[in-house]
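Taken in order, these protein sequences are the chains called A and B. What the first sequence shows, in our numbering, is residues 186 to 400, in sequence order. What the second sequence shows, in our numbering, is residues 186 to 400, in sequence order. Note that the Cβ used here is the ideal one computed from N, Cα and C, for glycine as well. All of these numbers come straight from a predicted model, not from anything done at the bench. Written out below as structure tokens is the structure these notes cover.
There are 2 protein chains.
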Amino acid sequence: MAKRRAVGNLMALAVLSALVQQPMHPYQMASVLKEHGKDRNMKIKWGSLYTVVQNLEKHGLVEATDTVRQGARPERTVYTITEAGRAELVDWVRELISTPEPEQSRFTAGLSVMAVLSPGEAAELLAQRLTVLERELADKRAALTEAAREVPRLFLVEEEYELAVAGAETAFVRGLLGELTSGEFPGLADWQAFSETGKVPPELAELMERGLHPQ
Amino acid sequence: MAKRRAVGNLMALAVLSALVQQPMHPYQMASVLKEHGKDRNMKIKWGSLYTVVQNLEKHGLVEATDTVRQGARPERTVYTITEAGRAELVDWVRELISTPEPEQSRFTAGLSVMAVLSPGEAAELLAQRLTVLERELADKRAALTEAAREVPRLFLVEEEYELAVAGAETAFVRGLLGELTSGEFPGLADWQAFSETGKVPPELAELMERGLHPQ
DNA sequence: ATGCGTATACTCGTTTGCGAGTAGTCAAGT
DNA sequence: ACTTGACTACTCGCAAACGAGTATACGCAT
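Here it is, written out as structure tokens:
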């Protein structure tokens, strides 16, 4: 097992990767990350940023090399990545790329308790999601082709990946919604009955007892 | 804006959905969730479980209705979902299904800093990932068809979704790896040169200055 | 009957994460 | 010259997350 990372927050990865380019102070990191569109994938949490930098320093992955003052603004500490920091960065990236880890998506969680809604409402909500998804997908596609004219592929792979995944999600939702509205979704009638009466159809009741996912 | 959830942890969703079936004590929740395969998507963290249940109680979404003692074991508190709890559950599911939220995947993070590796190593690591991914995909597919013989679709949609996404990821990785090994990945030479010499090719240097993702 | 390993059922203390708040700065209007 | 509003650059304290640890019970082999 890979020994746990000193600083596990993915924001630390972003910080390290920013510091590889050049030393900077925390606020500048935030600006740089924003500029590079990292904030699209990862909302920048102010509280975390400073904590993360501190932790990185504590573990010797970055060090404060300078403090600058501009006008009467508060003093800003400039951090530089250390050799250990570079090593950690590379090792971390290796791990992130080579070994998939089960992640838990909010949508998956939603789907897994979808049965508490009526089929009709579920369909309506899925339609809403589909609308948003389709717009976002188009936007992303446009943004990517636009960016591809200036920026080399190497720095766009992650966007391509997100696009691929977003495409799959959209297709899935479209398919599911289709089955629900056309009525071809198997067990629709039972589901409908259950949501109206609150009564579990007998053949299901027994299933619930012994668990849905038999080993 | 949807007002923030009283208890935001997705584990709370799982707890509520378990309590909808019947009242139970925390440890039983864990067993039930495990049995239903929720632990495949969501590792059960012991510390969190008890905290989450407490929080749910504090916000009136569940209530302690009984305590039972079996043998000389420690006393267990049995919790029941309240009306407010049911309402919260339904409202939450509605939100989860209807509105996509940008989630941040570890792989995306990895890809976005892939440039710190050499192209050769990146290809190697992607190959590793691909192997795992393909095995997992086959396993999941098998498990799903197996389960589908007993369990109605309604309770398998989330697995279908995961399968769809896993398929897309696998395809993406396979594609990317193909481009890297065949050498058709654009800019491969520059990347190679950079990783050997540490020197940024001139046409890139200027890009880095003004940010990769122009508005 | 007795020991031993495994399962049960938590508890506790330590990180970590975060968002609201704040105080100063700058530029532009009036 | 003075106000106003937007931006800069953080700080703070709470709340959540975690994971290792603990202590008892039970089944099974010896």
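In the pairwise beta carbon analysis, the region 238-252 of chain B is classified as not touching the region 271-281 of chain A: fewer than three pairs are separated by under 8 Å. For secondary structure counted as the beta strand (DSSP E) over 3 or more consecutive residues, the region 255-340 of chain A holds these complete runs in sequence order: 261-266. Contact with chain B is absent for Tyr264 (chain A), since none of that chain's Cβ atoms lies less than 8 Å from the residue's Cβ. At a cut-off of 8 Å between beta-carbon atoms, Ser233 (chain A) makes no contact with chain B. Under the three-state reduction of DSSP, Val247 (chain B) is assigned to strand. Judged by beta-carbon spacing, Ala349 (chain B) lies within the 8 Å limit of Ala353 (chain A), meaning their Cβ atoms are closer than that value.
DSSP, read as helix, strand or coil, puts Val253 (chain A) in strand. With fewer than 16 other Cβ atoms from the protein chains shown falling within 10 Å of its own Cβ, Gly232 (chain B) counts as exposed. For the options B:Pro386, B:Ala191, B:Ala197, B:Pro387, the alpha carbon positioned closest to that of Arg291 (chain A) is the one of B:Ala197. For the region 343-372 of chain B, the beta-carbon criterion of a distance under 8 Å to any beta-carbon of chain A is satisfied by Glu343, Glu345, Tyr346, Glu347, Ala349, Val350, Gly352, Ala353, Glu354, Ala356, Phe357, Leu361, Phe370, Pro371, Gly372. Looking from the CA of Thr284 (chain A), the closest CA among B:Thr265, B:Thr293, B:Glu280 belongs to B:Thr293.
In the DSSP assignment, Met209 (chain B) is bridged to B:Tyr264. The three-state reading of DSSP puts Gly232 (chain B) in helix, counting H, G and I together. For Pro387 (chain A), the three-state secondary structure derived from DSSP is helix.
Approximately 4 Å separates the beta-carbon atoms of Arg261 (chain A) and His210 (chain A); this is inside 8 Å, confirming the contact. If you compare the alpha carbons of B:Leu204, B:Pro387, B:Leu339, B:Gly360 with that of Leu315 (chain B), the shortest gap goes to B:Gly360. At least 8 Å separates the CB of Pro208 (chain B) from every CB of chain A. Taking 7 Å as the cut-off between beta carbons, the residues of the region 326-340 of chain B near chain A are Ala332, Glu335, Val336, Pro337, Arg338, Leu339, Phe340, in sequence order.
Taking 8 Å as the CB threshold, Arg320 (chain A) stays off the interface with chain B.
Taking a 10 Å sphere around the C-beta of Ala323 (chain A), we find fewer than 16 other C-beta atoms and assign the residue as exposed. Residue-level contact by beta carbon fails for Thr382 (chain B) and chain A, as no gap is shorter than 8 Å. Close CB contacts of Lys219 (chain A) within its chain, under the 8 Å cut and outside five residues either way in sequence, are with Ile229 (chain order).
By the neighbour-count criterion, in which a residue is buried when 16 or more other Cβ atoms sit within 10 angstroms of its Cβ, Val298 (chain A) is buried. Burial check for Val358 (chain B): the Cβ neighbour count within 10 Å reaches 16 or more, so the residue is buried.
What Leu274 (chain A) touches in chain B, judged by beta-carbon distance under 8 Å, is Val298, Val301, going in chain order. For Glu343 (chain B), the uninterrupted alpha helix (DSSP H) segment begins and ends at 342-367. When only Cα atoms are considered, Thr330 (chain B) and Phe340 (chain B) end up about 13 Å apart.
Residues of the region 269-294 of chain A with a C-beta less than 9 Å from any C-beta of chain B: Arg271, Leu274, Val275, Trp277, Val278, Arg279, Glu280, Leu281, Ile282, Ser283, Thr284, Pro285, Glu286, Pro287, Glu288, Gln289, Ser290, Arg291, Phe292, Thr293, Ala294, listed in chain order. DSSP, read as helix, strand or coil, puts Ala197 (chain A) in helix. For Phe379 (chain B), the enclosing alpha helix (DSSP H) begins and ends at 373-382.
For the pair Thr252 (chain A) and Tyr346 (chain A), the Cα-to-Cα distance works out to about 39 Å. By the C-beta density criterion, Gly295 (chain B) is buried, having at least 16 other C-beta atoms within 10 angstroms. With respect to the C-alpha of Arg190 (chain A), the residue from A:Thr250, A:Trp277, A:Val205 having the closest C-alpha is A:Trp277. Contact of Arg314 (chain B) with chain A is assigned, a C-beta pair being separated by under 8 Å. Under a 10 Å Cβ-count criterion, Arg334 (chain B) is classified as exposed, with fewer than 16 other Cβ atoms of the shown protein chains found around its own Cβ.
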